[in-house]
Each structure stands twice: as C-alpha cells, then as structure tokens.
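Okay, structure first, notes after.
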Amino acid sequence: VVAVLGAVAANQLGWVTAEVGRQPWAVPPTVLRDAQGQFLRDAQGLLQYRLEEGLLTRVAVSESVKADAVLASMVMFGFIYLLLGAIWLYVLNHKIQIGPEPAPVVPGRTSALGLREAAAGLTLHGESMTEAKEPGSPPTPEPPSGDQGQGQGG
C-alpha cells in the first residue's frame, strides 16, 4: 500500500521538473544551428534562439483573467483533489479490511486431473479475474483429451 505513494510522488515530481525546466519559456522558440547542425552559442556560451518565435512566461499573462478567478479555481481544484484522495483512502482501507472474495470451492479438484484442469484454466485465462466476461459465457475449456494421468494400466 505504501508503494503507491512512491508512484504518485514520482508523477508529481516529474511534472514539477518539466515545468521548472522549461523556464523562462511558456512556448520555447527554435534554437539556432550552424550548417553542420551544431547549436549556435553567443559570446557567453548561451544558446541562441529566434526570440520572436518564443513566448516568455513574464509576458504570457492573460489580461482577461483576474486574480480572484485564479484563486477560486485553485481552491476548487484543491478541494476536488482532497475529496478524491479521501475517497481513495476510504475505498483502499475498506478493501484491505474485508480482503478479497474467497474463490468458489469446486468439488473434484483435489486429484492430479483437477490440478491439470486448474493449470489449463489459468493458462487459457478461463478463470481470470482481470478480463471482462460476457454473461452466459462458456466455462473454462476442458484440457485436450488423451492421457488423463489416471494410471490406466495396460
């Protein structure tokens, strides 16, 4: 259960890294190259850009969106994320406390033949819990006929 937190943290930190890494550009411009395809640099060693193609974050501000609308939007999304997180924790705790549903006991599955049928069913995904099943779909296919391992002497 704790391992899920690492995946969520990696997802969020990846997003933050991408956003910080693209600064100061909201829309990055084309980087200039020489005839050999190498990046062109100025006297300070910085890459040269076509500045007219880019959009700096300091000028990428909407004049029609007011600060209170941005704040309301952030509060609303924060509330939605908190609500979804609380629901996720509730459902996760509920599933952990109850545990999985027990598999139905099928008589006759204690012999070598039953073991073979069980292995065949798992191989053919007949008893898979991860695939959608159509209502009324046929049961697990029988293993191929032949020697059933019953030890019929001869």
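Residue 2 is where the sequence shown starts when you use my numbering, and the numbers rise one by one after that. Backbone N, C-alpha and C fix where the C-beta goes; we use that ideal spot for every residue, glycine too.
Nonlocal neighbours in the same chain, by C-beta distance under 6 Å from residue i, ignoring five residues either side
i: LEU56; result: ALA27, VAL28
i: ARG51; result: PRO30, THR31
i: ILE81; result: none
Distance, residue j Cα to residue i Cα
i: ARG110; j: ARG117; result: Interpretation of ARG110 is limited by its pLDDT of 48, a score under 50 that renders its predicted location unreliable; the figure taken from the coordinates is listed afterwards. Distance between the alpha carbons of ARG110 and ARG117 is about 9 Å.
i: ASN12; j: LEU114; result: 47 Å
i: VAL5; j: ARG42; result: 44 Å
i: TRP16; j: GLY38; result: 30 Å
i: PHE40; j: GLY22; result: 19 Å
i: PRO105; j: LEU93; result: 24 Å
i: LEU14; j: LEU84; result: 21 Å
i: VAL62; j: GLY7; result: 34 Å
i: LEU95; j: GLU102; result: Here residue 95 is His; the residue named in the question, Leu, does not match the sequence. Whole-angstrom Cα-Cα distance: 13 Å.
i: VAL71; j: SER65; result: 11 Å
CA nearest to the CA of residue i, picked from the options
i: GLU54; options: LEU33, TYR82, PRO105; result: LEU33
i: ARG59; options: ASP69, GLN24, ALA73, ALA44; result: GLN24
Sequence-distant residues of the same chain with beta carbon closer than 8 Å to residue i, five excluded per side
i: ASP35; result: LEU41
i: LEU48; result: VAL32, LEU33, PHE40, LEU41, ARG42
Assigned exposure category for residue i - 16 Cβ within 10 Å defines buried
i: GLY86; result: exposed
i: GLU20; result: exposed
is_contact[residue i, chain B] using C-beta, thresh 9 Å
i: LEU90; result: Absent from the structure is chain B; it holds one protein chain and no more.
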